[in-house]
Amino acid sequence: EAMNLSQSGNYLYLALGNFFAGDQSPGLAIIDVAEPANAGVKDVWVFPTPTQGAGIVEVEGDYAYLGAMGHGLVILDVSDKENIEFVASYTPDITFPDPNPDPAKYNARGMAAKDNFVYLCYDAGGIRIIDVSDKQQPVEIGRYSNPALNARPRAYNNALLQENLLYVSFDYCGLEILDVSNPENIAPISWWNPWNCQSNPLNWFSSPGHANELALDEGCGLLFLSSGKSDLHILDVSNPGQPDSCGHFGGIDNGIGTWGVAHYDDKVFLSYICSVIPFASTSTGVKILSYEAPCISDILEAKNTGLSIFPNPATSTLTVRWQQGAFKAGKLELQVFSLPGQLIARRQLRNSDENCQLDAKAFPAGIYWLTLSDGQAFSIQKVIVD
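In the working numbering, the protein residues as written are 208 to 593.
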């Protein structure tokens, strides 16, 4: 069974082996999708031990890195798409952070890979950074686990790398942001812990949410986090030191739960699973959500900076002023969006007025995007309402 996938060019790489059942071999399949309507399997590789399945696959260059759960990291040469070759496997030490570990809780289930480093989520074993510059001799050079969870259940599920920042989904403990600029000395930056996971050891079962996969709208500073029976949380990570919950989709304890999440342009894709532990979910499927993101992203770029807003933060009257000549058309449109992209207010203006005023008391306290456009030129500012 396919559990995860990664795309590189015209090829999909599927991580094979159901890790919930635990009775399937880890494996990798390569699918040629150059013609999506006529996709074809190029090759399949299967680990010789028929247990535990696979959690994730990432590809960099000619190599695929397979998270083979209890079997650790598997490195495969995929330069010849029709002949996957085994290179090496590496099982990290399980005596960290617990010197008396339960081996069943140490699984290579999530990762990011870049520049010959693999950033591995090792389940109860925390984060491991593995140097794979020598493909046949991978070596661990850094490790991290949140000390607040010592003697309590922990599960590092997945990771997303943005330059020197590693965003890590931490199951019932939310999200951690780590500085990995020095792989040998991983430094915690912040911890978004909405479910107060460290309060008692049974929270893993009773938690309202379980953070699994992550997707990032880098331009907007928005992180989308699949969160089990809480469906989807949206975080503002524009300041990595203070991740802030700014949006949510779905319900709690409604019998359905998410596992996967992906982001493309102005859409978010959620995958739902059937599960019993740690959250109950009785339905599978996919939901596609759209959102308006009026920020400087890959698909919407500010072309003009002729906009000023004051005071900011605002408590009562908010003045919006634009430079003469910044916009060519006679009519302008001002829009106010919530941070996740919901349109809150719209006003038609005359360019010649050069300013307008808004009643900040009409908006709940929070962070907003304010945009001004004449249909060609476009300006945007972030606004804080206290």
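Cβ atoms here follow ideal geometry from the backbone N, Cα and C, with glycine treated the same way.
No experiment lies behind these values; they were computed from the predicted model shown.
Environment of residue i [buried if 16+ CB atoms lie within 10 Å]
{"i": "G260", "result": "buried"}
{"i": "N217", "result": "exposed"}
{"i": "L556", "result": "buried"}
{"i": "N245", "result": "exposed"}
{"i": "A222", "result": "buried"}
{"i": "T578", "result": "buried"}
{"i": "K321", "result": "exposed"}
{"i": "S388", "result": "exposed"}
{"i": "Q231", "result": "buried"}
{"i": "L514", "result": "buried"}
{"i": "K510", "result": "A caution first: K510 carries a pLDDT of 39, below 50, which makes its placement in the model unreliable, though a value can still be read off. So K510 counts as exposed."}
{"i": "Y575", "result": "buried"}
{"i": "K568", "result": "exposed"}
{"i": "L429", "result": "buried"}
{"i": "E383", "result": "buried"}
{"i": "N562", "result": "exposed"}
{"i": "K436", "result": "buried"}
Of the residues the options, the one placed nearest residue i, counting alpha carbons only
{"i": "K249", "options": "Y220, P257, V264 and Y272", "result": "Y220"}
{"i": "T465", "options": "S490, P450 and P447", "result": "S490"}
{"i": "M318", "options": "E265, L212 and Q549", "result": "E265"}
{"i": "I336", "options": "P243, N371 and W252", "result": "N371"}
{"i": "G381", "options": "I393, S397, P401 and S215", "result": "P401"}
{"i": "K589", "options": "H278, G582, N558 and G573", "result": "G573"}
{"i": "A189", "options": "S559, N558 and F544", "result": "Any question about residue 189 goes unanswered here, given that the chain covers just 208 to 593."}
{"i": "I263", "options": "Y272, P255, G448 and V251", "result": "Y272"}
{"i": "S213", "options": "F227, N225 and L235", "result": "L235"}
{"i": "F254", "options": "W399, S296 and I393", "result": "S296"}
Residue i vs residue j beta-carbon contact at 8 angstroms
{"i": "S433", "j": "E420", "result": "yes"}
{"i": "Y351", "j": "D330", "result": "no"}
{"i": "D269", "j": "S286", "result": "yes"}
{"i": "L539", "j": "L565", "result": "no"}
{"i": "A315", "j": "L280", "result": "yes"}
{"i": "Y326", "j": "A362", "result": "no"}
{"i": "A422", "j": "V468", "result": "yes"}
{"i": "T522", "j": "D593", "result": "yes"}
{"i": "E628", "j": "P299", "result": "The structure shown does not extend to residue 628, since the chain is modelled only from 208 to 593, so the question has no answer here."}
{"i": "Q344", "j": "S397", "result": "no"}
Contact belief for residue i with residue j at Cβ below 8 angstroms, rounded distance in angstroms
{"i": "F431", "j": "V375", "result": "Their Cβ separation, rounded to whole angstroms, is 15 angstroms, which puts F431 and V375 out of contact at 8 angstroms."}
{"i": "D341", "j": "F324", "result": "With a Cβ gap of about 12 angstroms, D341 and F324 do not count as contacting."}
{"i": "N364", "j": "A418", "result": "7 angstroms"}
Please give me, in chain order, every unbroken run of the beta strand (DSSP E) with length at least 3 that falls completely inside the stretch 558-593.
562-566, 573-580 and 585-592
Please specify which runs of the beta strand (DSSP E), each continuous and at least 3 residues long, are wholly inside the stretch 383-457, giving them in chain order.
394-399, 421-424, 429-433, 439-443 and 451-456
Which parts of the stretch 314-366 are runs of the beta strand (DSSP E), unbroken and 3 residues or longer, counting only runs that do not cross its ends?
317-321, 324-328, 334-338 and 346-351
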